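Undergrad: Heads up: the protein sequence lines correspond to chains Z and H, in order.
Residue numbering for the first sequence follows UniProt numbering, beginning at 1 and increasing consecutively.
Residue numbering for the second sequence follows UniProt numbering, beginning at 1 and increasing consecutively.
Handing you a structure now.
Number of protein chains: 2
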Amino acid sequence: MMDWEKVFATRASRMKASEIRELLKLLEQPDIISFAGGIPDVNLFPKAEVAEAYAEVLSGAQGDAALQYSVSEGYKPLRDWIVGEMSRIGITCKAENVFITSGSQQLLDYLGKLFLSKNDTALVTWPTYMGALGAFNAYEPNYDKLIPLSNREPQTYIDQASEKGGQVKFAYCVPEFHNPTGVTMTRAEREWLLDLAEKIDIPVIEDAAYQSLRYEGESVPPILALDLARNGNDIEKTRTFYCGTFSKTLAPGLRIGWVVANSDVVRKLVLIKQAADLHSSTINQMVIGKVAERLYDEQIAKIRKTYGHRRKKMLEAMDRHMPAGVDWTRPEGGMFVWVTLPEGMDGASLLAQSLKSERVAFVPGKAFFADGSGANTIRLSFSCATDTMIEDGIARLGRLIAAQKKAAA
Amino acid sequence: MMDWEKVFATRASRMKASEIRELLKLLEQPDIISFAGGIPDVNLFPKAEVAEAYAEVLSGAQGDAALQYSVSEGYKPLRDWIVGEMSRIGITCKAENVFITSGSQQLLDYLGKLFLSKNDTALVTWPTYMGALGAFNAYEPNYDKLIPLSNREPQTYIDQASEKGGQVKFAYCVPEFHNPTGVTMTRAEREWLLDLAEKIDIPVIEDAAYQSLRYEGESVPPILALDLARNGNDIEKTRTFYCGTFSKTLAPGLRIGWVVANSDVVRKLVLIKQAADLHSSTINQMVIGKVAERLYDEQIAKIRKTYGHRRKKMLEAMDRHMPAGVDWTRPEGGMFVWVTLPEGMDGASLLAQSLKSERVAFVPGKAFFADGSGANTIRLSFSCATDTMIEDGIARLGRLIAAQKKAAA
């Protein structure tokens, strides 16, 4: 969940604790139109099928095992299902390349634990998923700018990390319908990233949280698929760790995610998990496996239709209501539209005002930048918004931005 | 689950990889009588009630929320239930003092993350729960001997840690029916520990995994209860973190544990969890809460009866079958009997022989010692053993030990 206190506290010098408390209260009001949470719509959860799966697991031959301790690498039939699913997007792997975690967030923590020592450098996009920064920050790394793409010599990444007292340990990205920008990396950008990773010999963390949520345009091969193509389709020679999750497709409340990677890194991650929390919930892995087997494609189709419609509505509303000087992305999938406000406008101040006078919530963009830049950006999520919420909310927000722009002029 | 490869590899110089592989295969044979796993008996799981709770949660008003993301500190009604349960064992706290984790193993990892830097010292008992060593080892600490109790001056702990380049960060113990020894700390020992902790100003981690599993004798107040008594019953002034789990009482497969502590440390742990895996499974927290509310006492009574009977049977069999020169503990609860073999006998060698000729498995004690001592100890678990398994297994083991003793004489 969003750490709102932190979001507001980044402007600490200008906002009193009492004012922050007031805003936090406002956020909880039922009349607030929220484009804030990057969460799935509860109405799309396959609730009946999940209930059926729990009942079946517990009444069947697996019932005892479902409630018992289990192995750290994860439930084998679920790993087998993932192997099959991966092959559909160009990733050839075996069960020994698949490791189940408690959501893909846990994987980001484990990858931080495995690779980062204090003062090492992680390459991330600017902006990037704030949860990744949160996970990595525990290991006190520095960050260097991976994207926007540049003509930087590969050696400069190494030199800069060395100046800061460590090494470049990995590149992290969300190539599909990026959180927060909604942008998808082109095939050329993915190849550029793999070139860079090869040249400076680092792994690539491919956070594929939104992979299945494409609503238009042509799909691009996952980075791991391109990596495989470079290595004779031998996953043991690849350097990309593909992080998947059921949180955006089936249900986040069961906390099941996975990684696909060479078996050497999988073995190391399994040892980390064994020491850190033994294993992910046995019964939840069985239930996710059962539900995925039965209705994954159907569920994806349902989600695509609903979110795709909301994305379209939001982009149409933006076109109608946003004043000149405001820019935004046109994502082909995912949950987010990324808005760049006129220069000098502050996303957090706008949110404070918007909550009070417009009753509209969103996330100020600053929290997604490793260096705290990006004050004039905001993230809008359309995943839980109805047509009316979108039309009313974007109209109000456009009006407020126009008024602030006028006042500043 | 037990990392058997590691257990055997501690004797690496004397055991070939092929021999280890052979033993690992033997461990999986269905005719092996196992006293190895420290796991609950699947036959005692409240399977029907768990199934009913899943069905209720998913069909009721909570159904949507059960599948959605939730807060990092844990599901409030479950935390409220824990507050009530804690008050029954002398611990007065509020919901803000309770934090839900994915099993208590996760808490050990988080406490390591929060407190330990490389070269710091953790005080642990000799032997101690090997999973705690596993969790802490990720943060590269040193260990100093907390118990057996000694007359060491408190300052010596500080000095020794300082010589090793760090500070003493906490004391960790399993006061009730200790894993692996089965021993319970007396009230005097607990007070001694709190005295020490106060003098050198460190927190105490009270791992209460087996708290409810008492089969005879008088219960001793939890360390946190004694700490509260020293501090006017104000939990905010205490230094003890009480770690509980549903894994030994309801079911480990749902991965739900908790900590009770002052709210300052709880807040820090919540932030760690937010960055590390967001939150524990929402639906599993709801289900555990429902099941606990309905049948916790009944379930505890059932477990006590069964495990208590097995403990008695095992101690009787030990009395009958163990040769002179073998010592063992007489635990008042928990799952384990701790055996000290005649001096010079090696627990891992004994296991290798026992698997081959006697078809009996147990855990060599070495893995429970931070310094790899304790070669002549083994841990026997009675939690999953039937009367026949106990009688046959202990008889065979006693015979083997007697034969080895004779051969060595």
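Ideal Cβ placement from N, Cα and C applies to all residues, glycine included.
It should be emphasised that the depicted structure is a prediction, and the values quoted were computed from it without experimental measurement.
What's the call for H:Ala17, buried or exposed, on a 16-neighbour Cβ count within 10 Å?
TA: The residue in question, H:Ala17, is exposed, as its Cβ has fewer than 16 Cβ neighbours within 10 Å.
Undergrad: By a C-beta neighbour count over all protein chains shown, 10 Å radius and 16 as the cutoff for buried, is H:Asp346 buried or exposed?
TA: By the 10 Å Cβ count, H:Asp346 comes out buried.
Undergrad: Answer yes or no: does any C-beta atom of chain H fall closer than 8 Å to that of Z:Asp277?
TA: Z:Asp277 counts as touching chain H.
Undergrad: Identify every run of the beta strand (DSSP E) within the stretch 155–193 of chain Z, keeping only runs that are complete inside it and at least 3 residues long; order them along the chain.
TA: List check, beta strand (DSSP E) in window: 168–173.
Undergrad: Is H:Gly333 helix, strand or coil when you go by DSSP?
TA: Of the three classes helix, strand and coil, the one that applies to H:Gly333 here is strand, per DSSP.
Undergrad: Helix or strand or just coil, what does DSSP make of Z:Glu298?
TA: Reduced to three states, the DSSP call for Z:Glu298 is helix.
Undergrad: Taking the alpha carbon of Z:Leu27 as the point to measure from, which residue in Z:Ala407, Z:Arg359, Z:Pro364 and Z:Ile378 has its own alpha carbon closest?
TA: Answer by Cα proximity: Z:Arg359.
Undergrad: Look at the Cβ atom of H:Trp81, then the Cβ atom of H:Glu293, and state whether they are nearer than 8 Å.
TA: Yes. Within cutoff.
Undergrad: Could you please tell me which residues of the stretch 40–57 of chain H, in chain order, have their CB closer than 7 Å to any CB of chain Z?
TA: Listed in sequence order: Val42, Phe45, Lys47, Val50, Ala51, Tyr54 and Ala55.
Undergrad: Name the residue from Z:Asp31, Z:Glu316, Z:Glu176 and Z:Val260 whose alpha carbon lies nearest to the alpha carbon of Z:Ile394.
TA: Closest option to Z:Ile394, Cα to Cα, is Z:Glu316.
Undergrad: Please compile the residues from chain Z whose C-beta is within a distance smaller than 9 Å of the C-beta of H:Ala385.
TA: Within chain Z, no residue comes near H:Ala385; the closest Cβ sits about 16 Å away, beyond 9 Å.
Undergrad: Among the candidates Z:Ala261, Z:Asp327, Z:Asp195 and Z:Ser383, whose CA atom is the shortest distance from the CA of Z:Glu153?
TA: It is Z:Asp195.
Undergrad: Mind checking if H:Ser13 is an interface residue toward chain Z, Cβ cutoff 8 Å exclusive?
TA: In this prediction, H:Ser13 scores a pLDDT of 42, lower than 50, which makes its location untrustworthy; no coordinate-derived value is stated.
Undergrad: Give a yes or no on whether 8 Å exceeds the smallest Cβ distance from H:Lys113 to chain Z.
TA: Closer than 8 Å to some Cβ of chain Z, the Cβ of H:Lys113 qualifies, so yes.
Undergrad: Measure the CB-CB distance between Z:Arg311 and Z:Phe362 and report whether it falls below 8 Å.
TA: Cβ distance not < 8 Å, so Z:Arg311 and Z:Phe362 don't count as in contact.
Undergrad: Are the C-beta atoms of H:Ile283 and some chain Z residue less than 8 Å apart?
TA: So yes, H:Ile283 belongs to the interface.
Undergrad: State yes or no: is the beta carbon of H:Gln106 nearer than 8 Å to at least one beta carbon in chain Z?
TA: Yes, its Cβ sits closer than 8 Å to a Cβ of chain Z.
Undergrad: Taking 8 Å as the CB-CB cut-off, is Z:Ala324 touching chain H?
TA: Not one chain H Cβ lies under 8 Å of Z:Ala324.
Undergrad: Closest to H:Val337 by C-alpha separation, out of H:Lys313, H:Arg379, H:His309 and H:Lys356, would be which residue?
TA: It is H:Arg379 whose Cα lies nearest to the Cα of H:Val337.
Undergrad: With 16 as the cutoff for other CB atoms within 10 Å, does Z:Gln106 come out buried or exposed?
TA: Z:Gln106 is buried by the Cβ-count criterion.
Undergrad: Using a Cβ-Cβ distance under 8 Å, would Z:Lys16 count as near chain H?
TA: For Z:Lys16, the answer is no, since every Cβ of chain H falls outside 8 Å of its Cβ.
Undergrad: H:Leu67 touches chain Z at which residues, Cβ-Cβ below 8 Å?
TA: Val42, Phe45, Lys47, Val50, Ala251, Pro252, Gly253 and Leu254, listed in chain order.
Undergrad: Does any CB atom of chain H fall closer than 8 Å to the CB of Z:Ala34?
TA: With the sequence shown as reference, residue 34 of chain Z is identified as Ser, and Ala is not the correct amino acid for it. Taking Cβ atoms only, chain H never reaches closer than 8 Å to Z:Ser34, which makes this a no.
Undergrad: Between Z:Gln155 and chain H, is there a C-beta pair that is closer than 8 Å?
TA: No, its Cβ sits nowhere closer than 8 Å to a Cβ of chain H.
Undergrad: Under 8 Å between C-beta atoms, does H:Ser349 make it to chain Z?
TA: H:Ser349 does not count as touching chain Z.
Undergrad: Taking 8 Å as the threshold (C-beta atoms), are Z:Leu213 and Z:Gly84 in contact?
TA: No; because the gap between Cβ atoms is not below 8 Å, this pair is not in contact.
Undergrad: Helix, strand or coil for Z:Ser70 per DSSP?
TA: DSSP places Z:Ser70 in coil when its eight states are reduced to three.
Undergrad: Does the separation of the CB atoms of H:Asn142 and H:Ile235 fall below 8 Å?
TA: No, Cβ-Cβ distance for H:Asn142 and H:Ile235 is not below 8 Å.
Undergrad: Mind checking whether H:Val270 and H:Glu73 have CB atoms under 8 Å apart?
TA: Yes; because the gap between Cβ atoms is below 8 Å, this pair is in contact.
Undergrad: If you measure beta-carbon to beta-carbon, which residues of the stretch 370–396 of chain H are closer than 8 Å to chain Z?
TA: Listed by position, the residues of the stretch 370–396 of chain H near chain Z (Cβ gap below 8 Å) amount to none.
Undergrad: Which term fits Z:Ser13, buried or exposed, when burial requires 16 or more other beta carbons within 10 angstroms of its beta carbon?
TA: The predicted model places Z:Ser13 with a pLDDT of 41, which falls under 50 and marks its position as unreliable; any figure quoted below should be read in that light. Exposed: under 16 other Cβ atoms inside 10 Å.
Undergrad: Residues of chain Z with a CB under 7 Å from the CB of H:Gly103: which are they?
TA: In chain order: Asp277 and Leu278.
Undergrad: Check whether chain H comes within 8 Å of Z:Ala135, counting only Cβ atoms and requiring the distance to be less than that.
TA: Taking Cβ atoms only, chain H reaches closer than 8 Å to Z:Ala135, which makes this a yes.
Undergrad: Using only the alpha-carbon positions, how far apart do H:Leu193 and Z:Phe246 sit?
TA: Answer to the nearest angstrom: the Cα atoms are 45 Å apart.
Undergrad: Just to confirm my understanding: we take H:Lys237, look at its own chain, exclude 5 residues before and 5 after, and list those with CB closer than 7 Å. What are they?
TA: Same-chain partners within the cutoff: Asn231.
Undergrad: Which bits of chain Z does H:Ala138 rub up against, with CB to CB less than 9 Å?
TA: Lys113, Ile272, Ala275 and Ala276, listed in chain order.
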